[in-house]
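Just below is one structure, and these are the notes that go with it.
Protein chains in written order, with my numbering: chain A, 26 to 337; chain B, 102 to 404.
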């Protein structure tokens with residue numbers, strides 16, 4: 026891949042490449058620039074790239090976790106810091122859970138012949154296509170009304186006494202409620218990608234470990250897992266991305282205290298008078314983690330993306 | 102004896118957590134939804150308290166012009182974006198399938214639009230399409246043209262453009278990977294026989310890439326029916342119903358109008374559509390595998 030011998034350079038291709046790169050990152054660059062502009066500069070027709078950069082938008086967005094008082098702001102209405110922490114908790118926990126559970130299932134599907142194997146593998150593939158909007162309806166109903174602990178039972182009473190709140194104890198509005206649906210949503214995809222990595226692990230290695238007296242769990246955790254690290258990295262990035270970026274289910278399942286960042290952005294967009302500067306700063310903050318992952322691990326991402334469709 | 106039992110149970114132990122979670126949080130909800138689509142379902146009640154209404158939700162949808170409109174918008178959106186993205190993505194891959202400096206940078210930067218949050222993508226494009234402060238209209242005015250009413254009159258076209266920006270790279274990357282894994286012997290042979298670049302593309306590269314292209318196309322088509330957030334942030338489905346795709350209509354019916362029964366029936370129509378697409382993809386992959394196996398068997402006999 027890193028061979029230094031390039032084909033004969035043709036200026037037309039460079040022009041095309043440059044144009045494509047410009048198109049791909051132009052809108053993102055525009056958002057970055059605007060996030061450092063005051064609204065007057067964004068609205069004025071003349072500013073362009075000539076303006077006085079300011080971090081005021083970022084200060085407004087982060088007002089609830091800054092350690093100093095802001096002069097330009099009387100009241101901190103945007104609770105971005107809290108949402109950011111919510112997003113982080115939800116995305117990290119669901120990524121870890123999905124990976125652990127998913128790689129075990131993928132291993133079972135690849136290496137063992139067992140009853141129900143075909144059913145498991147076909148249904149994994151079929152649930153991949155279910156759109157979040159379709160899950161919204163039943164999950165909204167179930168998480169609010171059915172997956173509940175009655176407040177008069179011992180456990181329910183204990184939770185209400187300890188954490189406060191009213192009514193029955195339901196999954197809706199809790200971290201666990203959102204995490205559960207994200208893990209379930211991502212599992213099919215993670216299982217699918219990891220299968221293609223586990224297939225490539227040479228069987229002899231596992232046999233050898235078994236001969237040495239390792240039990241199936243030791244074989245899996247000590248022999249197989251270290252060999253599929255690239256696959257795990259790809260799967261982790263995809264899972265994190267979905268959990269970090271998702272809006273629809275989070276908005277239906279979260280309450281005031283468990284709101285994630287995408288919800289905050291949508292709520293502030295739909296207002297009549299959009300504060301472009303602040304909203305773009307918020308958008309930038311939400312986009313930074315995925316951007317960093319992309320720059321650091323683009324190879325793994327491309328492998329993950331192509332693993333399913335392209336074999337060979 | 103003990104190890105034998107353990108070995109027999111191993112696959113089930115490995116499979117159990119995933120199976121349990123998918124049953125609780127995917128299969129049970131889907132069954133619950135199908136059951137609920139036959140009832141007058143309202144979010145404040147548990148399903149058992151609601152009234153059974155038979156096929157009423159499904160039939161009233163069939164007579165609902167708004168649902169027809171939304172279905173038409175969804176199909177138009179999905180087929181237009183996928184065909185344009187396929188042509189652009191495959192075209193670019195064929196054009197740029199060479200070893201030139203800067204390719205890896207392009208590939209890295211090309212993934213960015215897919216990785217950042219859909220709500221952020223919607224936000225960026227809503228800004229660029231803004232009638233007065235937006236980038237496009239400013240540019241048009243600076244060269245003396247009239248501004249375009251991007252998110253008004255031309256809203257569907259505008260959301261289609263945004264989707265093309267976001268997802269063409271997906272097709273590009275997959276087709277490039279397919280191109281680079283083609284057997285070099287076939288290309289070599291055709292070059293020796295004096296095939297021109299176009300002939301190579303038409304008669305060798307495209308036919309050999311076809312299995313990957315079809316799977317890519319179906320994957321993208323399935324995903325195009327899932328698009329929601331980008332459009333929600335850009336237009337909220339408007340103006341009127343002009344960009345209200347099915348996913349958006351389902352979520353509004355459920356959360357704004359609080360008619361879970363109707364939303365469930367609508368979800369089922371969408372699911373049937375997607376099921377047909379997925380089944381065709383599945384059938385196609387199986388067909389390809391069978392053909393590859395047959396060819397391999399033939400090759401063995403020839404030895």
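We put the CB at the ideal spot given by N, CA and C, even for glycine. The structure displayed is predicted, hence computed values, not measured ones.
_Interface flag, residue 67 (chain A) vs chain B, CB-CB below 8 Å_ = Taking the first chain and counting its residues from 1, one reaches residue 67 (chain A) at position 42. Closer than 8 Å to some Cβ of chain B, the Cβ of residue 67 (chain A) qualifies, so yes.
*Note down, in chain order, each residue of its chain lying with its Cβ closer than 8 Å to the Cβ of residue 108 (chain A), except the 5 sequence neighbours on either side.*
Sequence index remark: in the first chain, residue 108 (chain A) carries index 83 (1-based). Answer for residue 108 (chain A): 284, 285, 286, 288 and 289, listed in chain order.
*Could you give the C-beta distance for residue 255 (chain A) and residue 328 (chain A), rounded to a whole number, given that I count them as a contact under 8 Å?*
Position 230 of the first chain holds residue 255 (chain A). Position 303 of the first chain holds residue 328 (chain A). That pair is a contact at about 6 Å.
*asked:* So, under 8 Å CB-CB, residue 326 (chain A) and residue 259 (chain A) are touching, yes? Tell me the CB distance rounded to an integer number of Å.
replied: On the first chain, position 301 is the one that residue 326 (chain A) refers to. On the first chain, position 234 is the one that residue 259 (chain A) refers to. Sure, about 6 Å apart at Cβ, within 8 Å.
*How would you write the range of the alpha helix (DSSP H) that residue 292 (chain B) sits in, first residue to last?*
Working through the second chain from its first residue, we reach residue 292 (chain B) at position 191. Unbroken alpha helix (DSSP H) run through residue 292 (chain B): 285-293.
*Anyone know if the C-beta pair for residue 50 (chain A) and residue 107 (chain B) falls short of 8 Å?*
The sequence position of residue 50 (chain A) within the first chain is 25, counting from 1. The sequence position of residue 107 (chain B) within the second chain is 6, counting from 1. Cβ atoms of residue 50 (chain A) and residue 107 (chain B): not closer than 8 Å.
_C-beta neighbour in chain A for residue 379 (chain B), strict 8 Å_ = Counted from its first residue, the second chain places residue 379 (chain B) at position 278. Chain A contact via Cβ: present.
_Helix, strand or coil at residue 84 (chain A) [DSSP, three-state]_ = Within the first chain, numbered from 1, the residue matching residue 84 (chain A) stands at position 59. Correct three-state label for residue 84 (chain A): helix.
*Compare the C-beta of residue 78 (chain A) with all C-beta atoms of chain B and state if any pair is closer than 8 Å.*
On the first chain, residue 78 (chain A) is found 53 positions in, with the first residue counted as 1. It does not: the Cβ of residue 78 (chain A) has no partner Cβ on chain B nearer than 8 Å.
*Beta-carbon spacing of residue 239 (chain A), residue 115 (chain B) below 8 Å*: Looking up residue 239 (chain A) in the first chain gives position 214. Looking up residue 115 (chain B) in the second chain gives position 14. Not in contact: residue 239 (chain A) and residue 115 (chain B) (Cβ atoms no closer than 8 Å).
*Inter-residue Cα distance where the pair is residue 365 (chain B) and residue 260 (chain B)*: Here residue 365 (chain B) refers to the residue found at position 264 of the second chain. Here residue 260 (chain B) refers to the residue found at position 159 of the second chain. Cα-Cα distance, rounded: 26 Å.
*If you measure from the beta carbon of residue 38 (chain A) to each beta carbon in chain B, is any gap under 8 Å?*
Within the first chain, the letter at position 13 stands for residue 38 (chain A). Closer than 8 Å: yes.
*Does DSSP put residue 152 (chain B) in a helix, in a strand, or in coil?*
The sequence position of residue 152 (chain B) within the second chain is 51, counting from 1. Residue 152 (chain B) falls in the strand class under three-state DSSP.
_Using DSSP's beta-bridge definition, name the partner residues of residue 350 (chain B)._
The residue given as residue 350 (chain B) occupies position 249 in the second chain. Partner(s): none; residue 350 (chain B) has no beta bridge.
*From the beta carbon of residue 303 (chain A), is the nearest beta carbon of chain B less than 8 Å away?*
As a first step, residue 303 (chain A) is located in the first chain; it is residue number 278 there, counting from the start. Output row for residue 303 (chain A): interface = no.
*Test item: CB-CB of residue 166 (chain A) and residue 349 (chain B) under 8 Å*: In the first chain, counting from the first residue as 1, residue 166 (chain A) sits at position 141. In the second chain, counting from the first residue as 1, residue 349 (chain B) sits at position 248. Not closer than 8 Å, so no.
_For residue 101 (chain A), three-class secondary structure by DSSP_ = Taking the first chain and counting its residues from 1, one reaches residue 101 (chain A) at position 76. The answer is coil: DSSP assigns residue 101 (chain A) none of H, G, I, E or B.
*Return the first residue and the last residue of the alpha helix (DSSP H) that residue 423 (chain B) is part of.*
This structure gives no information on residue 423 (chain B), because the portion of chain B shown stretches from 102 to 404.
*Please report the residue range of the alpha helix (DSSP H) in which residue 167 (chain A) lies.*
By 1-based counting over the first chain, the position of residue 167 (chain A) is 142. Note, residue 167 (chain A): premise wrong, no alpha helix (DSSP H); not H, not E.
*Check residue 197 (chain A) in the structure and name its three-state DSSP category.*
Residue 197 (chain A) sits at position 172 when you count from the first residue of the first chain. Residue state, collapsed to three classes: coil.
*On a CA-only basis, which of A:309, A:292 and A:323 is nearest residue 59 (chain A)? Give me that one, please.*
Within the first chain, numbered from 1, the residue matching residue 59 (chain A) stands at position 34. When only C-alpha atoms are compared, the closest one is A:309.
*Roughly how many angstroms separate the alpha carbons of residue 162 (chain B) and residue 131 (chain B), rounded to a whole number?*
For this step, residue 162 (chain B) is matched to residue 61 along the second chain. For this step, residue 131 (chain B) is matched to residue 30 along the second chain. Cα to Cα, residue 162 (chain B) sits roughly 20 Å from residue 131 (chain B).
*Nearest chain A C-beta to residue 311 (chain B) closer than 8 Å, yes or no?*
Walking along the second chain from the start, residue 311 (chain B) turns up at place 210. No, residue 311 (chain B) lies away from the interface with chain A (no Cβ there is under 8 Å from its Cβ).
*Helix, strand or coil for residue 174 (chain A), going by three-state DSSP, please let me know.*
Locating residue 174 (chain A) in the first chain gives position 149, counting from the first residue. Three-state result, residue 174 (chain A): strand.
*Shortest alpha-carbon distance to residue 385 (chain B) belongs to which of B:370, B:400, B:276 and B:313?*
As a working mapping, residue 385 (chain B) is identified with position 284 in the second chain. The residue with the shortest Cα to Cα distance from residue 385 (chain B) is B:313.
_Sequence-distant residues of the same chain with beta carbon closer than 7 Å to residue 180 (chain A), five excluded per side_ = Residue mapping note: residue 180 (chain A) aligns to position 155 of the first chain, counting from 1. So the list reads 174, once near-sequence residues are dropped.
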